[in-house]
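Colleague:
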Amino acid sequence: MSVSEAVVKILGVEAISTPQVLNAIVREGLPPIAADRIAEYYGLSREQLSDLLGISIRTLERHHKNHKPFSLVQSDRLLRYARIAARAEEVFEDRKIAQNWLKRPNQALGGESPLNLLDTEAGVEQVEDILTRIEYGVYS
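Going left to right, the sequence shown walks through residues 816 to 955 as our numbering numbers them.
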């Protein structure tokens with residue numbers, strides 16, 4: 816399974832044929848189920864999920880109650896988390912190992928867990944760099 820296919824599976828959205836279709840879906844707003852899937856994947860509480868999305872718990876609950884899609888920014892964050900989750904699974908070839916690695920403090924990331932760095936693009940780049948180094952057997 817490719818990383819793109821894994822991202823779609825993690826988010827729980829319909830099959831996406833091209834990156835352009837995925838981009839259009841993110842621009843329109845991912846459905847609340849995508850947030851639930853990310854929370855399930857990472858083992859996040861409602862509070863942690865609302866922090867990840869940068870919204871209050873009440874706003875998160877309204878999205879679910881009204882089946883309201885997330886904003887572009889929130890959808891982009893969900894996509895970012897799904898992309899890193901899929902990449903980690905690809906590198907470690909095991910979902911549980913990938914999930915654990917993403918949550919544990921990492922010396923190569925200054926003692927931060929990869930999950931804590933995913934709120935910025937700079938953090939995502941750091942995590943992707945470490946995953947690539949692990950994939951190629953470079954000590955990280």
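Note that CB positions come from ideal geometry on N, CA and C, so glycine has one too.
Got a sec, what are the start and stop residues for the alpha helix (DSSP H) Asp965 sits in?
Modeller: In this structure the chain extends from 816 to 955, so residue 965 is not present and cannot be described.
Colleague: Which class does Val953 belong to by DSSP, given the choice of helix, strand or coil?
Modeller: Val953: coil per DSSP, three-state reduction.
Colleague: Look at the Cβ atom of Phe907, then the Cβ atom of Ala913, and state whether they are nearer than 9 Å.
Modeller: Against a cut-off of 9 Å, the Cβ pair of Ala913 and Phe907 comes out as a contact.
Colleague: Compare the Cα-Cα distances from Ala903 to each of Gly952, Trp916, Gln889 and report the closest residue.
Modeller: Nearest of Gly952, Trp916, Gln889 to Ala903, Cα basis: Trp916.
Colleague: Which class does His879 belong to by DSSP, given the choice of helix, strand or coil?
Modeller: The answer is helix: DSSP assigns His879 an H, G or I state.
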